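Asks: Quick one: the structure is below, and I'll ask about it shortly.
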Amino acid sequence: MALLLALIAVMALSLIAAGLYESSQASWEENTLSRARYQAGILAESGLSIALHPDIEPGDVALRHELAPGRGWEVRITSEGGRFPVNSMGEERLRLAAVEMFVLWGLDAATASRVADSIADWIDSNSDPLPNGAENTFYAGVDYPQFPPNADIASLEELAFVSGMDQVEKVQPFWRDHFTVRSDALIDFNAASQPLIQALTGATADAAANFVAVRNGDDGIEGTVDDYTFDDSGEVQSLLGISDGEWSEFSEFVTLAGTVKRIESIGKVGDFTETRVILAEEVTEGRNTILRPLTRFRE
Ligand SMILES: [Ca+2]
Ligand SMILES: [Ca+2]
Numbered sequence: 283m284a285l286l287l288a289l290i291a292v293m294a295l296s297l298i299a300a301g302l303y304e305s306s307q308a309s310w311e312e313n314t315l316s317r318a319r320y321q322a323g324i325l326a327e328s329g330l331s332i333a334l335h336p337d338i339e340p341g342d343v344a345l346r347h348e349l350a351p352g353r354g355w356e357v358r359i360t361s362e363g364g365r366f367p368v369n370s371m372g373e374e375r376l377r378l379a380a381v382e383m384f385v386l387w388g389l390d391a392a393t394a395s396r397v398a399d400s401i402a403d404w405i406d407s408n409s410d411p412l413p414n415g416a417e418n419t420f421y422a423g424v425d426y427p428q429f430p431p432n433a434d435i436a437s438l439e440e441l442a443f444v445s446g447m448d449q450v451e452k453v454q455p456f457w458r459d460h461f462t463v464r465s466d467a468l469i470d471f472n473a474a475s476q477p478l479i480q481a482l483t484g485a486t487a488d489a490a491a492n493f494v495a496v497r498n499g500d501d502g503i504e505g506t507v508d509d510y511t512f513d514d515s516g517e518v519q520s521l522l523g524i525s526d527g528e529w530s531e532f533s534e535f536v537t538l539a540g541t542v543k544r545i546e547s548i549g550k551v552g553d554f555t556e557t558r559v560i561l562a563e564e565v566t567e568g569r570n571t572i573l574r575p576l577t578r579f580r581e
């Protein structure tokens, strides 16, 4: 009897031990995971510090660094002006460009026009809807009586609430990568996507594709050392096949040197990655041009 009891006790203890082992195993794995994330975050931060150094140019080798196999960082420096300045949608020309861009993404023309007008209504101070737009009467009817705020859009998550953006999401799941609320409001042709350039200028798809190919350099990759930077709008015009008259219709919204840079740093530890982003403004201090951080966030 005593032997049987001891046997049962041993069995019970081993079950408990096995259980403890199982649960400690899980938390040990969790710790490994959070440790990897933490280290990836540190590596991403290291990449950012290097990118902010005044002597570092986009595409510099120091921006892609491997400390040990599978551990390192990769930084991309681009112009925030490559993205559509959503708070400038009050400008009719930019609204038309947005419609074109949505259509190039695959949206039908009627929905594209509805979204563009609705974004403009969202930010304009009045409550009169544009021909295809949406003001409070619309949003109140769909249980959002607090919309629109009739003020600048503060974040891209806010943009997601605008009437029709759900349709945009269906054709372009990565629409957030194509808009900005933090640039200098000009579209930087040294960073803008082919559809955006095509939509704003009315250039042919071939001309816009060729323009982007010239910009990307021989390796065909954006953001590397062999990238070509346009500094003469005449050269841009001739590559895109745009006349002086056409250019003058939208030139006030264009720059070739956007002042807000987007620095994206990805830290990698094995399969884990952590991304840190800094938007920084180029400022001149004495003889040096430095990047002054405006905002930072995780992605
Ligand atoms: Ca409004
Ligand atoms: Ca309005």
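Position 100 of the sequence shown, counted from 1, bears residue number 382 in the numbering used here, the numbering being contiguous throughout. Ideal Cβ placement from N, Cα and C applies to all residues, glycine included. Just so we're clear, the structure is a prediction, and the values are computed from it rather than from any experiment.
1) Examine the Cβ distances between the segment 348 to 360 and the segment 434 to 454 and report whether three or more of them are shorter than 8 Å.
2) Run the proximity test for Asp-406: is its beta-carbon closer than 8 Å to any non-hydrogen atom belonging to ligand 1?
3) Suppose only complete runs of 4+ residues qualify. What are the alpha helix (DSSP H) ranges in the segment 414 to 455, listed by chain order?
4) Closer than 8 Å to a non-hydrogen atom of ligand 2 - does that hold for the CB of Ala-402?
5) Check the DSSP bridge columns for Trp-355 and list the partner residues they point to.
6) Return the CA-CA distance between Asp-342 and Ser-547, expressed in angstroms with no decimal places.
7) Identify, in the order they occur along the chain, each residue of the same chain with its Cβ nearer than 6 Å to the Cβ of Asp-500, setting aside the five sequence neighbours on each side.
8) Determine contact between the segment 405 to 415 and the segment 432 to 441, defined as no fewer than three beta-carbon pairs at a distance below 8 Å.
9) Would you say the beta carbon of Ser-351 is closer than 8 Å to some non-hydrogen atom of ligand 2?
10) Is it the case that the CB of Glu-373 approaches a heavy atom of ligand 1 more closely than 8 Å?
11) How long is the line joining the alpha carbons of Leu-334 and Ala-485, rounded to whole angstroms?
12) Between the C-alpha atoms of Leu-482 and Val-381, what's the straight-line distance to the nearest angstrom?
13) Which residue comes first and which comes last in the alpha helix (DSSP H) that contains Glu-563?
14) What does a CB cutoff of less than 7 Å around Pro-413 pick up in its chain, not counting 5 residues either side in sequence?
15) I'd like to know whether the C-beta atoms of Val-230 and Leu-468 end up nearer to each other than 9 Å.
16) Measuring only from the beta carbon, is Glu-556 closer than 8 Å to any heavy atom that is part of ligand 2?
17) Could you please give the first and the last residue of the uninterrupted beta strand (DSSP E) stretch that includes Pro-336?
18) Between which two residues does the beta strand (DSSP E) holding Arg-580 run?
19) From this set, Ala-491, Ser-395 and Phe-493, which residue's C-alpha is nearest Ser-445's C-alpha?
Replies: Short version:
1) Contact between the segment 348 to 360 and the segment 434 to 454 is absent, because fewer than three Cβ pairs lie under 8 Å.
2) At a threshold of 8 Å, Asp-406 counts as near ligand 1, since its beta carbon sits closer than that to one of the ligand's heavy atoms.
3) Taken in chain order, the unbroken stretches of alpha helix (DSSP H) that lie wholly in the segment 414 to 455 and span 4 residues or more are 418 to 423, 438 to 441 and 447 to 453.
4) Flag set: Cβ of Ala-402 near ligand 2.
5) His-347 and Gly-549, per the DSSP bridge assignment.
6) Each residue's alpha carbon lies about 13 Å from the other.
7) Within the same chain, Asp-500 has close Cβ partners Asp-508.
8) A contact exists between the segment 405 to 415 and the segment 432 to 441.
9) Looking at the sequence provided, one finds Pro at residue 351 rather than Ser. Proximity of the beta carbon of Pro-351 to ligand 2 is not indicated: no heavy atom of the ligand is located closer than 8 Å.
10) Not so, every heavy atom of ligand 1 lies at least 8 Å from the Cβ.
11) A straight-line Cα-Cα distance of about 35 Å links Leu-334 and Ala-485.
12) Taking the straight line joining both Cα atoms gives about 10 Å.
13) From DSSP, Glu-563 is part of no alpha helix (DSSP H) but of the beta strand (DSSP E) over 554 to 567.
14) Apart from the 5 residues on each side of it in sequence, Pro-413 sits with its Cβ closer than 7 Å to the Cβ of Asp-399 in its chain, given in chain order.
15) Because the chain here runs from 283 to 581, residue 230 falls outside it and cannot be looked at.
16) No, ligand 2 has no heavy atom inside 8 Å of this Cβ.
17) Careful: Pro-336 lies outside any beta strand (DSSP E) and carries neither H nor E.
18) Looking at the DSSP string, the run of the beta strand (DSSP E) that includes Arg-580 is 570 to 580.
19) Comparing Cα positions, the closest option is Ser-395.
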